[in-house]
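A.B. asks: Each residue of the sequence shown is one higher than the one before, starting from 713 at the first, in this note's numbering.
Here a beta-carbon is modelled for each residue, glycine too, at the ideal position from N, C-alpha and C.
Could you have a look at this structure, given as structure tokens, before my questions?
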Amino acid sequence: MSDLLRAPAEIKYAEELDWLESVDDGPKPFSWRLSPKTVRLFVLGSERADGLDREVSQKWFGDRAIVERAIVTLASDRGLLLIGDPGTGKSWLAELLAAAICRNSTQVVQGTAGTTEDHIKYSWNVSMVIAKGQSRESMIPSPIMTAMETGTIGRVEELTRSTSDVQDALISILSEKYISVPELDSDNIVFARPGFSVIATANSRDRGVNDLSSALKRRFNFVRIPVVTNKKSEAEIVRFRTEELLRRHQIELDVPPTLLDVLLQSFADLRASSAAAASDDEKLESALSTAEQIGVLEDAILHGNFFGERALTAHGLASSLVGSLARREPEDLAILNKYLHGVVEPRSKQEGGSWPEFLEGGRDAIATLS
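In structure tokens form, the structure reads like this:
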């Protein structure tokens, strides 16, 4: 695992999954590797009441009911659509579910404007077709077709970014549970094995890009993932992801709780300002998601480790925040400058602590970008 830039969940947590599988005596749907209760335990972590011999780490932070509804949907062999704002952990939850259920989360189709029906169904190895003609050997199955043949989970990311042709191809797969290959004279139907299902994700801010048809909507169970608004939960998510980053880079660095509070509070302030804005020009282009918050902290940590004093500072955190969130010039810079002068400056005078240095770092960053 050490030579992988980013190991998928089934590799990253392989030892834990092996142990859970060895102690899991619950009923398992289809060809699932873990029972529904143990899948939930893998995703949300263990509690004392579970009575386990070892602790299972929490990997996704959110409402237990959301995870349970997602698991029930997959056990019913219906398609699962995770929908929510950017940075709410849709893709991470989909990966964890696939890893726990079938130990393979990499059968993924990324939805874009360039995604075609071939990416959902199959394509051909042109050189083999020229040499030997069209056959099952010369056919290149899509990740979804592979999932069908093996009775596992296929994933489609950013479904609403895909065109109507791609969405139409999914309708027949989800309803009929087979793919026909008319180019072949025999062995020309690929049937789905028990355990096959599809987890798709969709960005709620992409409405109007390629809206889902009513037919496709009927074939998915919708599970909406809300934006994390609880400060304690968001702090846990940010801390969890940051610790992963530090381990990956082998960085020995402590994140002071006071600076984590400054980061959380600054995002809360900016979200409130965005919600109260009268027009889009008065809002930051950033979604101000938890994922972006993690990115700001990661950037500040790495900059401090490589170019600073190997310590996270309020000045560096503010510089990272401005650099990450200022995407439009001059609109975003003006919004951030207004926030620094209208909110951070009075707070730095009243509360002191890390806020004066944070204010200075933000001003310096804006001056550099202006």
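Quick one: what does DSSP say F934 is sitting in, helix, strand or coil?
C.D. replies: In this structure, F934 counts as strand in the three-state DSSP scheme.
A.B. asks: Give me the Cα-Cα distance between A1026 and L965, rounded to the nearest whole angstrom.
C.D. replies: Between A1026 and L965, the C-alpha separation is close to 15 Å.
A.B. asks: Taking just the CA atoms, how far does M857 sit from A787?
C.D. replies: In a straight line, the C-alpha of A787 is about 19 Å away from that of M857.
A.B. asks: Please state whether DSSP places P855 in a helix, a strand or coil.
C.D. replies: P855: helix per DSSP, three-state reduction.
A.B. asks: Mind checking P687: buried by the 16 CB within 10 Å criterion, or exposed?
C.D. replies: Absent from the model: residue 687. The displayed extent of the chain is 713 to 1082, so no value can be given.
A.B. asks: Taking only the alpha-carbon atoms, compute the straight-line gap between G920 and S734 and give it to the nearest angstrom.
C.D. replies: Interpretation of G920 is limited by its pLDDT of 47, a score under 50 that renders its predicted location unreliable; the figure taken from the coordinates is listed afterwards. Computed Cα separation, rounded: 47 Å.
A.B. asks: Looking at the secondary structure, which residues open and close the alpha helix (DSSP H) in which G866 lies?
C.D. replies: Unbroken run through G866 is the beta strand (DSSP E), I865 to E869; no alpha helix (DSSP H).
A.B. asks: What does a CB cutoff of less than 7 Å around L982 pick up in its chain, not counting 5 residues either side in sequence?
C.D. replies: If we look at L982 and ignore the five residues flanking it on each side, its Cβ neighbours are L996, L1000 and Y1051.
A.B. asks: Between which two residues does the alpha helix (DSSP H) harbouring V1034 extend?
C.D. replies: From DSSP, the alpha helix (DSSP H) with V1034 extends over A1026 to L1037.
A.B. asks: From what residue to what residue does the alpha helix (DSSP H) around V1008 run?
C.D. replies: Here the alpha helix (DSSP H) through V1008 covers T1002 to F1019.
A.B. asks: What residue range is occupied by the uninterrupted alpha helix (DSSP H) comprising F979?
C.D. replies: Residues P969 to A988.
A.B. asks: So which of E888, A904 and Q1005 has the shortest CA-CA distance to T941?
C.D. replies: Selected option, being the one with the closest Cα: Q1005.
A.B. asks: Going along the chain, which residues of its own chain have a beta-carbon closer than 7 Å to the beta-carbon of E767, five neighbours each way excluded?
C.D. replies: The answer, listed in chain order, is S758.
A.B. asks: Here's a check: name, in chain order, each residue in its chain whose Cβ is nearer than 8 Å to the Cβ of R815, leaving out the five neighbours to either side.
C.D. replies: Excluding residues within five positions, the ones whose Cβ falls inside 8 Å are E722, L729 and R745.
A.B. asks: Measuring only the C-alpha atoms, how far is S978 from V935?
C.D. replies: Those two C-alpha atoms are separated by around 29 Å.
A.B. asks: Could you spell out the range, first to last residue, of the alpha helix (DSSP H) harbouring T913?
C.D. replies: Unbroken run through T913 is the beta strand (DSSP E), S909 to N915; no alpha helix (DSSP H).
A.B. asks: What does the alpha-carbon distance come out to for the pair E1021 and L972?
C.D. replies: In a straight line, the C-alpha of E1021 is about 18 Å away from that of L972.
A.B. asks: Skipping 5 residues on each side, what residues in its chain have a beta carbon closer than 8 Å to that of G1016?
C.D. replies: Contacts found: L965, R1022, A1023, L1024, T1025 and G1028.
A.B. asks: Quick check on this structure: which residue in V878, A719, I865 and L975 has the alpha carbon closest to the alpha carbon of P906?
C.D. replies: Here the closest residue by C-alpha is I865.
A.B. asks: Below 8 Å, can you find three or more Cβ-Cβ pairs linking the stretch 840 to 848 to the stretch 889 to 897?
C.D. replies: The answer is yes - the stretch 889 to 897 touches the stretch 840 to 848, with three or more Cβ pairs under 8 Å.
A.B. asks: Should the stretch 1037 to 1047 be called in touch with the stretch 1055 to 1069, which here means at least 3 C-beta pairs below 8 Å?
C.D. replies: Because the criterion of three Cβ pairs below 8 Å is not met, the stretch 1037 to 1047 and the stretch 1055 to 1069 do not touch.
A.B. asks: Return the residue from the list D1044, T970 and E1010 that minimises the CA-CA distance to D993.
C.D. replies: Checking every option, the nearest Cα to that of D993 belongs to D1044.
A.B. asks: Within 10 angstroms of the Cβ of T970, are there 16 or more other Cβ atoms? Answer buried if so, exposed if not.
C.D. replies: Exposed: under 16 other Cβ atoms inside 10 Å.
A.B. asks: Just the Cα atoms here: how many angstroms apart are L717 and A990?
C.D. replies: Taking the straight line from one Cα to the other gives about 43 Å.
A.B. asks: When we look at the beta-carbon of T660 and count the other beta-carbons within 10 Å, is it buried (16 or more) or exposed?
C.D. replies: Past the edges of the chain, shown from 713 to 1082, lies residue 660, and the structure says nothing about it.
A.B. asks: Need the endpoints of the alpha helix (DSSP H) that V751 sits in, please.
C.D. replies: V751 -> alpha helix (DSSP H) spans P748 to L756.
A.B. asks: If we ignore side chains and look at the alpha-carbon of each, how far apart do L792 and A927 end up?
C.D. replies: Spanning the two alpha carbons is a distance of roughly 14 Å.
A.B. asks: Applying the 10 Å Cβ sphere with the 16-neighbour rule, what's the burial state of V1034?
C.D. replies: Burial call: buried.
A.B. asks: In this structure, does DSSP put L792 in helix, strand or coil?
C.D. replies: In this structure, L792 counts as strand in the three-state DSSP scheme.
A.B. asks: Please say whether A811 and T913 have beta carbons closer to each other than 8 Å?
C.D. replies: No. Outside cutoff.
A.B. asks: By alpha-carbon positions, which one of K771, A984, E829 and L1048 ends up nearest to K802?
C.D. replies: When each option's Cα is compared against that of K802, the closest is K771.
A.B. asks: My understanding is that S945 touches G863, with C-beta atoms under 8 Å, so please give their C-beta distance in whole angstroms.
C.D. replies: About 35 Å separates the two Cβ atoms, so there is no contact after all.
A.B. asks: Since K749 and G763 are thought to touch, with beta carbons under 8 Å apart, how far apart are those beta carbons, to the nearest angstrom?
C.D. replies: Contact doesn't hold; Cβ gap of about 13 Å is too wide.
A.B. asks: Grab me the residues of V974's own chain with a C-beta within less than 6 Å of its C-beta, minus the 5 sequence neighbours each way, in chain order.
C.D. replies: Only S1066 and F1070 meet the Cβ criterion.
A.B. asks: Using a Cβ cut-off of 8 Å (strictly closer), state whether D1076 contacts chain B.
C.D. replies: Going by chain labels, chain B is absent from the structure shown, which holds only one protein chain.
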